[in-house]
Amino acid sequence: SMGLEHIIPNEEHRARLIAGLYEAVVLLDDRTYELDTIRKDSTMMLAVSALCRDPRGSRIFFLKGGYEAFSSEYPEFCNKCSPPTGLSLPLSANSVPGSADSNCTPCGTPLYDQGGPVEILPFLYLGSAYHASRKDMLD
Numbered sequence: 011s012m013g014l015e016h017i018i019p020n021e022e023h024r025a026r027l028i029a030g031l032y033e034a035v036v037l038l039d040d041r042t043y044e045l046d047t048i049r050k051d052s053t054m055m056l057a058v059s060a061l062c063r064d065p066r067g068s069r070i071f072f073l074k075g076g077y078e079a080f081s082s083e084y085p086e087f088c089n090k091c092s093p094p095t096g097l098s099l100p101l102s103a104n105s106v107p108g109s110a111d112s113n114c115t116p117c118g119t120p121l122y123d124q125g126g127p128v129e130i131l132p133f134l135y136l137g138s139a140y141h142a143s144r145k146d147m148l149d
């Protein structure tokens with residue numbers, strides 16, 4: 011079981027959700043089309059479970075095809091960069107489509123893959139599958 015503080019790290023957004031100020035919450039990932047194909051122990055399913063367990067009046071939706079399908083169908087509603095893959099929910103009512111942050115990272119790589127692996131102990135590194143697939147980062 012995962013608490014809302016892990017799903018919605020932004021304290022203000024979490025408080026607004028708990029207070030019932032959001033009519034709907036839309037969950038999405040990169041490209042999943044069917045909720046039943048997602049592993050039960052995935053971050054998405056943990057988020058779905060936590061939000062459905064205590065929705066506080068919000069309706070919970072899953073965006074079929076994720077960001078990839080949405081951005082190809084409705085590019086005018088997307089910033090130049092895709093959202094981070096983590097489940098931080100951009101629930102701000104005053105966000106404006108197309109108002110990308112000037113510190114935006116290149117779009118080809120998800121935010122969690124930016125930078126290189128981190129050495130946590132001598133000769134032991136923490137990185138992602140992206141880092142592991144790049145020989146130049148492993149040398």
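Residues in the sequence shown are numbered consecutively from 11, following the numbering used here.
Each residue gets a CB set at the ideal place from its N, CA and C atoms; glycine is no exception.
Here the structure is a predicted model, which is why all the values come from computation and not from measurement.
Can residue 46 and residue 78 be called in contact, C-beta distance under 8 Å?
No.
Could you please give me the residues that DSSP links to residue 25 through a beta bridge?
Residue 25 is not bridged to any residue.
Do residue 54 and residue 37 have their CB atoms nearer than 8 Å?
Yes, the Cβ-Cβ distance between residue 54 and residue 37 is below 8 Å.
Are the beta-carbon atoms of residue 87 and residue 35 separated by less than 8 Å?
No, the pair does not count as a contact, with Cβ atoms beyond the cut-off.
Note the first and the last residue of the continuous beta strand (DSSP E) segment covering residue 78.
No beta strand (DSSP E) contains residue 78, which is instead part of the alpha helix (DSSP H) from 76–83.
Ends of the beta strand (DSSP E) at residue 129?
Start and end: 128–131.
With a CB to CB cut of under 7 Å and the five nearest residues on each side skipped, what residues in its chain are close to residue 135?
For residue 135, where only same-chain residues beyond five positions count, the Cβ hits under 7 Å are 127, 128, 129.
Quick one: measure Cβ to Cβ for residue 14 and residue 24, integer angstroms, because I've assumed they're closer than 8 Å.
Right, the Cβ-Cβ distance comes to about 6 Å (below 8 Å), so this counts as a contact.
Under the three-state reduction of DSSP, which class applies to residue 66: helix, strand or coil?
The answer is coil: DSSP assigns residue 66 none of H, G, I, E or B.
I'd like the span of the beta strand (DSSP E) that includes residue 14, first residue to last.
Here residue 14 belongs to no beta strand (DSSP E); instead the alpha helix (DSSP H) covers 14–17.
Once DSSP output is grouped into helix, strand and coil, what is the label at residue 56?
If DSSP states are grouped into helix, strand and coil, residue 56 belongs with the helices.
Can you list, in chain order, the residues of its chain with a C-beta nearer than 7 Å to that of residue 67? Leave out the 5 residues immediately preceding and following it.
Correct list, in chain order: 30.
So is residue 57 buried or exposed if we call it buried at 16+ other beta carbons inside 10 Å?
Answer is buried; the Cβ neighbour count reaches 16.
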